[in-house]
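According to our numbering, the sequence shown is numbered sequentially starting from 15.
All C-beta atoms, glycine included, are put in the ideal place defined by N, C-alpha and C.
Here the structure is laid out as structure tokens; the discussion comes afterwards.
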Amino acid sequence: MRKLIVTLAVAALCLSALPGTSLADAEYVLSLNLPIPPIHTRWKDAIKPWCDELTKRSGGRIVVEPYFAEAISKQSESMDSVRDGLADMTESLFTVAVGQFPFFERVWSVPDPARAIENPTAILHEMQKSFPQVMEECHGVKLLFTHGQSMGTVLGTKTPVKSLEEFKGMKIAVIGGSIAVERLKALGASVVSIPMADFYMSLQQGIIDGCMVDFNMMVTRRLGDLLKHVTLLSIAGGDFYCCMNQDIYDSMPDDLKKIIDDLSGEYADRLFSEYWASDQYSCLETWKNEMGGTIHMLSDEDYTKVRELMVSADEQWVHELNENGLPGGEMLKRFRELEAQYDPEWKNSVVAKYLN
């Protein structure tokens, strides 16, 4: 109860900070269920600007009221909270809701390890177009937009890893499911499953030698105090969704529906893509310049070997999608085509300029 009261107070402060916003004047006050706290950059730099623009374009007729830190529901139940009418809207991560989204929770489990994830939202949207049946996973809600995390997770270690041979025997903590485990085991690593909250202490105590990490985690969770090396290997990515209660959307007049639809298209794509790029690269620079981090890239020969070693994980991915009634083989083929189109190899990536 105390958590809810605090969250309501924060929500009220956020609303009062919006210029010209008045709950009394709004035709629709939409509750937004968020798993993240109000200090999170995804709220401050992406979700909040989207909500502010919605209020602006609607002339104050629509106001979004955020509820932070799982005040309305657990993160894994975010979409259900909107479907069941507990919240009017939500923005959340697909992969935490294990079993609910056979495609969306797996799509970024098998990125090409030799490529940088630079355009994940474009790839995600092309996959949705190529396989429209996956949209059934978001039934019962008005899906506004999806977006992907630039960079994804790479390998952070306490000691430098400059070749495939040096992975062998390293104790690496994993984020994600069985496919991530399979991918790292294929490199010869000893995989350790521990909660993300325990990464820092486990590194400090020598329980693990490294972990799957993104550059935001290096800074915000201070993992960069202990992890001074990153090897450029795409281990996994992440995809997110924003949705609205279908009945609420249907009850709106056409002009307000159009505003929501317009903001959920190119505007949201651009806003969230810019957020992810800015967040990851600014954190990379902080980790490198202020925390003493060093980036390493494998040889072309090693990247070729890594691709070969991870084929078994690709096959597992295909099998799991097939078991869920999806064309796993066709999906993997299309995914690889899109990666070749949108994502450069590491040596040609933006990150390459940060090599020491």
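Of all the options LYS156, HIS139, ALA354, LEU298, which has the alpha carbon lying nearest to the alpha carbon of MET266? LYS156
What are the residues that DSSP puts in a beta bridge with ARG129? GLU359
Contact check, SER123 vs SER106, beta carbons under 8 Å: no
Would you call LEU27 buried or exposed, if buried means 16 or more other Cβ atoms sit within 10 Å of its Cβ? In this prediction, LEU27 has a pLDDT of 47, which is less than 50 and means its spatial position is unreliable; what the coordinates show is noted afterwards. It counts as exposed.
State the CB to CB distance for the pair LEU201 and LEU217, rounded to an integer number of angstroms; the pair is presumed to be in contact (CB under 8 Å). Not really, about 19 Å apart at Cβ, beyond 8 Å.
What do you reckon, are the CB atoms on ASP223 and ILE186 nearer than 8 Å? At a Cβ-Cβ threshold of 8 Å, ASP223 and ILE186 count as neighbours.
Give a yes or no on whether the C-beta atoms belonging to LEU44 and GLU79 are separated by under 8 Å. yes
Residue environment, ILE50, which counts as buried when at least 16 other CB atoms sit within 10 Å: Burial call: buried.
Boundaries of the alpha helix (DSSP H) in which MET226 is found, first to last residue: From DSSP, MET226 is part of no alpha helix (DSSP H) but of the beta strand (DSSP E) over 224–227.
With DSSP as the reference, label LEU241 as helix, strand or coil. coil
Host alpha helix (DSSP H) of ASP269 (start-end): Residues 268–276.
Given GLU84, which residues of its chain have a CB within under 6 Å of its CB, disregarding the five upstream and five downstream residues? PRO49
Can you give me the Cβ contacts of SER363 inside the same chain, cut-off strictly under 7 Å, excluding the 5 residues immediately before and after it? ALA130, GLU132
Keeping to the same chain, check which residues put their C-beta closer than 7 Å to that of GLY154; ignore five residues upstream and five downstream. For GLY154, where only same-chain residues beyond five positions count, the Cβ hits under 7 Å are ARG97, GLN260.
Which listed residue (SER278, PRO125, PHE181, LEU277) has its alpha carbon closest to that of TYR356: In terms of Cα proximity to TYR356, the closest of SER278, PRO125, PHE181, LEU277 is PRO125.
Residues in its own chain within less than 6 Å of LYS199 by CB, not counting five upstream and five downstream? VAL205
Could you tell me which residues DSSP pairs with MET149 in its beta bridges? Answer by DSSP bridge pairing: none, since MET149 is not bridged.
Can you tell me the Cα-Cα spacing of LEU158 and LYS271, whole angstroms? 11 Å
Quick one: residues in its chain with C-beta nearer than 7 Å to the C-beta of ASP268, no 5 flanking neighbours on either side, listed in chain order? Contacts found: none.
What is the residue span of the beta strand (DSSP E) that VAL205 lies within? Taken as a continuous stretch (DSSP letters only), the beta strand (DSSP E) holding VAL205 covers 204–206.
Which of the three DSSP states, helix, strand or coil, is assigned to MET345? helix
Inside the segment 57–144 only - alpha helix (DSSP H) runs reaching at least 4 residues: As for any alpha helix (DSSP H) of minimum length 4 sitting wholly inside the segment 57–144, the runs are 62–71, 92–97, 134–144, ordered along the chain.
Just to confirm, is the Cβ distance from ILE193 to ALA327 under 8 Å? yes
Which residues in the same chain as THR308 place their Cβ atom closer than 8 Å to its Cβ, once the five residues preceding and following it in sequence are excluded? PRO174, LYS242, HIS243, VAL244, LYS302, ASN370
According to DSSP, what are the bridge partners of VAL43? VAL77
Burial state of SER30 (16 or more Cβ within 10 Å): Note that SER30 has pLDDT 43, beneath the 50 cutoff, so the model's placement of it is unreliable and the number below is only indicative. Classification of SER30: exposed, given that the 10 Å Cβ count is below 16.
Whose C-alpha, out of LYS172, ALA60, ILE76, MET165, is nearest the C-alpha of LEU37? ILE76
ALA282 versus GLU179 - alpha carbon distance: If I take the Cα positions, the gap works out to 42 Å.
Are there 16 or more other CB atoms within 10 angstroms of the CB of MET15, so buried, or fewer, so exposed? Bear in mind that a pLDDT of 37 at MET15, under 50, signals an unreliable position, so the model cannot answer this.
With distances taken between CB atoms, is the gap from TYR81 to LEU138 smaller than 8 Å? no
Can you tell me which residues form a DSSP beta bridge with ILE309? VAL244
Measure the alpha-carbon distance for ASN336 versus ASP276 and round it to whole angstroms. The straight-line gap from Cα to Cα measures roughly 35 Å.
Using DSSP bridges, identify the partner residues of CYS257. THR104, LEU157
Have a look at VAL320, PRO127, ALA211, LEU285 and flag the residue whose alpha-carbon is nearest the alpha-carbon of TRP64. TRP64 has its Cα closest to that of LEU285, out of VAL320, PRO127, ALA211, LEU285.
Thinking C-alpha only, which one of LEU352, GLU119, LEU246 is nearest LEU312? LEU246
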